[in-house]
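Heads up: the structure comes next, in structure tokens.
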Amino acid sequence: EQVLEEGLAAVVAEIGSGKIHSSRDLTPEQAHLALRRLTMKAQNVVLQQFAASLSNSASSSSSSTSNNDDKNAEDAKAKGSEKSPESTAPARQAVDEFVRVQVWME
């Protein structure tokens, strides 16, 4: 029941119309479209985070392969593959939001 209430509150906030003040004012079509829009937004954030991580790993990989010293290249590659909890937090939050909206869609 709490999940449903959270989902409906998110839908009302997403629509943001002055005519809709509560979930009772929504038609099923409005709720469905708002949830789809929330899903697309969450998916976009996840994909942007993924693209950024690919870009970061590619740039660290290319800089380490251009280095002539094998030991330095291995060290740089190891440092590039270690992600701090702070750097992965936005990606985890984006994935969590995407999953939550998917649950609301069900």
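First residue of the sequence shown: -16, per this note's numbering; consecutive thereafter. Think of the CB as a built atom: it goes at the ideal place given N, C-alpha and C, for glycine as much as any other residue. Because the structure is a prediction, the values reported are computed rather than measured.
In terms of residues, what are the limits of the alpha helix (DSSP H) holding residue i?
| i | result |
| --- | --- |
| residue -10 | -15 to -2 |
Taking C-beta to C-beta, are residue i and residue j nearer than 8 Å?
| i | j | result |
| --- | --- | --- |
| residue 26 | residue 73 | no |
| residue 78 | residue 29 | yes |
Roughly how many angstroms lie between the CA atoms of residue i and residue j, to the nearest whole one?
| i | j | result |
| --- | --- | --- |
| residue 8 | residue 2 | 8 Å |
| residue 19 | residue 41 | 32 Å |
| residue 0 | residue 76 | 27 Å |
| residue 89 | residue 83 | 10 Å |
| residue 71 | residue 24 | 19 Å |
| residue -12 | residue 36 | 34 Å |
| residue -14 | residue 80 | 13 Å |
Who are the Cβ neighbours of residue i in its own chain at under 6 Å, not counting the five residues just before and after it?
| i | result |
| --- | --- |
| residue -10 | 87 |
| residue 64 | Because residue 64 sits at a pLDDT of 49, beneath the cut-off of 50, its placement in the model cannot be relied upon, and the following sentence gives the value as read from the coordinates. Closer than 6 Å at Cβ, skipping near neighbours: no residue. |
| residue 14 | -6 |
Excluding five sequence neighbours on each side, which residues of the same chain lie with their C-beta closer than 7 Å to the C-beta of residue i?
| i | result |
| --- | --- |
| residue -3 | 17, 20, 21 |
Leaving out the 5 sequence neighbours to the left and right, which residues in its chain are closer than 8 Å to residue i when beta-carbon positions are compared?
| i | result |
| --- | --- |
| residue 85 | 22 |
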